[in-house]
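Participant: First residue of the sequence shown: 76, per this note's numbering; consecutive thereafter. C-beta: ideal position from N, C-alpha, C; glycine also. These figures come from a predicted structure and were not determined experimentally.
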Amino acid sequence: MTRLFVIGGGLAGLSAAVAAASEGVETIVYEAAGQAGGRCRSYYDPALDCVIDNGNHLVLSGNTSVALYLKTIGAKNALAGPALAVFDFADLASGAHWVLRPNEGPLPWWIFAKDRRVPGTTAFDYARLAAIYIAGPNACIEDLIPTHGALWERMLRPVLLAIMNTDPAKASARLAGAVLQETLAKGGRAYRPRIAHPTLAAAFVEPALSYLTAKSGMIHFGQRLRKIVFEGDQVTALEFPENRITIAPQDRIILAVPPWVARDLVPDLSAPTEFRSIVNAHFKIAASAGAPAMLGLVNSTAEWIFTFPDRISVTVSGADAIVDRDREDLARLLWADVAKALNLPPELPVWQIVKEKRATFAATPEQNALRPSAKTAWKNLILAGDWIQTGLPATIEGALRSGQTAAQLACAPQTV
76 MTRLFVIGGG LAGLSAAVAA ASEGVETIVY EAAGQAGGRC RSYYDPALDC VIDNGNHLVL
136 SGNTSVALYL KTIGAKNALA GPALAVFDFA DLASGAHWVL RPNEGPLPWW IFAKDRRVPG
196 TTAFDYARLA AIYIAGPNAC IEDLIPTHGA LWERMLRPVL LAIMNTDPAK ASARLAGAVL
256 QETLAKGGRA YRPRIAHPTL AAAFVEPALS YLTAKSGMIH FGQRLRKIVF EGDQVTALEF
316 PENRITIAPQ DRIILAVPPW VARDLVPDLS APTEFRSIVN AHFKIAASAG APAMLGLVNS
376 TAEWIFTFPD RISVTVSGAD AIVDRDREDL ARLLWADVAK ALNLPPELPV WQIVKEKRAT
436 FAATPEQNAL RPSAKTAWKN LILAGDWIQT GLPATIEGAL RSGQTAAQLA CAPQTV
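(1) With DSSP as the reference, label V254 as helix, strand or coil.
(2) Determine the closest residue to G109 out of V398, D163 and G85, with distance taken between C-alpha atoms.
(3) Distance, Cα to Cα, A91 vs I82?
(4) Sort A248, A362, I103 and W227 by Cα distance to L219 and report the nearest one.
(5) Excluding the five sequence neighbours on either side, which residues of its own chain have a C-beta within less than 6 Å of the C-beta of R78, listed in chain order?
(6) My guess is that G478 and A94 are in contact by the Cβ rule of under 8 Å, so how many angstroms apart are they, rounded?
(7) Does G88 come out as helix, strand or coil in the three-state DSSP assignment?
(8) Quick check on A158: does DSSP put it in helix, strand or coil?
(9) With C-beta atoms as the reference, is L405 less than 7 Å away from I380?
(10) What is the rounded straight-line gap between the Cα of L372 and the Cα of V161?
(11) Going by other Cβ atoms of all chains shown within 10 Å of its Cβ, with 16 needed for buried, is N318 buried or exposed?
(12) Give the single residue among D339, V413 and D399 whose Cα lies nearest to the Cα of S375.
(13) Report the option in I216, T348 and A271 whose CA atom is closest to the CA atom of P157.
(14) To the nearest angstrom, report how far apart E217 and D308 are at their CA atoms.
(15) My guess is that E106 and F296 are in contact by the Cβ rule of under 8 Å, so how many angstroms apart are they, rounded?
(16) Apart from the five residues just before and just after A482, which ones in its own chain have a Cβ nearer than 6 Å to its Cβ?
(17) Which term fits K430, buried or exposed, when burial requires 16 or more other beta carbons within 10 angstroms of its beta carbon?
(18) L133: which of G365, V391 and K302 sits nearest, CA to CA?
(19) Quick check: the Cα distance between A150 and V280, rounded to an integer number of angstroms?
(20) Buried or exposed: where does L182 fall if 16 or more other Cβ atoms within 10 Å of its Cβ makes it buried?
(21) With burial defined as no fewer than 16 other Cβ atoms inside 10 Å of the residue's Cβ, what is the status of Q489: buried or exposed?
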């Protein structure tokens, strides 16, 4: 009987394990940390006296892999968001506010309605985005569309920065195009914003662990893989600090670890080498009545504000320029933007700063070219992670899709 060993309990590893277990495969997960979820985690923060997510990980209603994963683990109602694709923005320099209101269907008639599109833009500005859909592998976004003007500054730059976590002008046009084809091109019903409710763990992690347990899967925490033993075209053993697992010829291994860990374990593995950071701030204060659940900012350090009943959270993507700053300095800097945007008192409330220095690979054409495929030179070793060739930037959708692809390969009929 085939056993599947999943190394890594982040979302890619959980996705792979869930998909394999749903096919009746004996699945064993090994996670180096003391909890699952990887970069998408929740924890009790004593300073805020509440459970918070490490960051505001937004997904979209058209994310098919997210939908499949949540349906499988019995958590299809674990995401919250507006009934329509509505996006609030504010310019902290000019004080301007606007709301994007795309229509639900794929024919984008909303770009012809002045009160629904970005102020200062014309329908022709949006039509030029078609160039991104047919981008070659080496094209940056700035090679294909203007990276200036109202559409860029007031919509494209903040949205693409959040998606790519990389300077949008220098980011891969092909990766951006893949996201736009799966969302923007399908109409508003495919990009209604969704966020985990009440937490990331409650939506994506805890139901997956319960599902695996119900399917007789095993999850081992605090188990860091030290070495993969290769013989010929097969993996023959997995070595952990306290035990060695012999791999039978019919067994399969899915390696779902960060790229820098994978490079240490797998000989001559091509993988991204440049990464971008994300900074998140959490403030223990409620927003005023009527504040939007999500607000995009321009001409500010804070980029996206998320309001919850008991707190306000801020996300700064591509945050390499500020990630090494003193945490209290960051809190004061970001709160100044929040207070101005939401008309709140300037006094700094109780706060927490969460930094992810290697949050994602740099979504440039050069780094995208380094991403490996799920298949490896060893017939029983498969890769998963948002950093492998998913066709998408490093997103939750990409991570879950990679796990589902890896599971399909692991569960495929074995050939001699």
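Facilitator: Reading from the atomic positions:
(1) helix
(2) G85
(3) 10 Å
(4) A248
(5) E101 and D326
(6) 6 Å
(7) helix
(8) coil
(9) no
(10) 15 Å
(11) exposed
(12) V413
(13) A271
(14) 43 Å
(15) 5 Å
(16) A91, A94 and A95
(17) buried
(18) V391
(19) 10 Å
(20) exposed
(21) exposed
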